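In our numbering, each number is its position in the sequence shown, counted from 1, plus 66.
Quick reminder that beta carbons are idealized off the backbone N, C-alpha and C, glycines included.
The model shown is predicted, which means the values in this text are computed figures rather than measured ones.
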Amino acid sequence: MVKNAIMYNESLEISPAMKKCSGEPYNPIFLETNDKKNLKDILSANNEEFVEYIHSLGLNVSYRDLTTNYQNISTTILTLKTTCFKVDFNDNFVKISPLK
């Protein structure tokens, strides 16, 4: 049983392309927009589905756990190798495809 636990912080960081990407899109995922126009908001609303999707693309998982004076701190970092995505917005959904 856990008492007096502090909730964790979760964030999703998306970097804009630093150079123009080229390639053929493959294996797309479709996410509902729910009237959102901001990609980060859409990904946050569909967080579990998106994490499962990027896991299938080759996600690296690192985990660290530290206990000091009965205080437990754990950190899990999910890192996707550098990948460019093509993102197409529609009225009801967004199509996200990695580029080969």
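- Judged by DSSP secondary structure, ASP107 falls within the alpha helix (DSSP H) whose first and last residues are 105-111.
- SER122 is not a Cβ neighbour of ILE143, given a cutoff of 8 angstroms.
- Annotation: the continuous beta strand (DSSP E) that includes GLU98 extends over 95-98.
- About 37 angstroms separates the Cβ atoms of ILE139 and PRO94, ruling out a contact at the 8 angstroms cut-off.
- Of ASP157, PRO164, ASN158 and ASN113, the smallest CA-CA separation from PHE151 is found for PRO164.
- Taking the C-beta atoms as reference points, LEU146 is found no nearer than 8 angstroms to ILE108.
- The straight-line gap separating the alpha-carbon atoms of LYS85 and THR134 is approximately 44 angstroms.
- For LEU125, the closest alpha carbon among the candidates LEU132, VAL117 and GLU79 is that of VAL117.
- Here SER128 carries a strand assignment [DSSP, helix/strand/coil].
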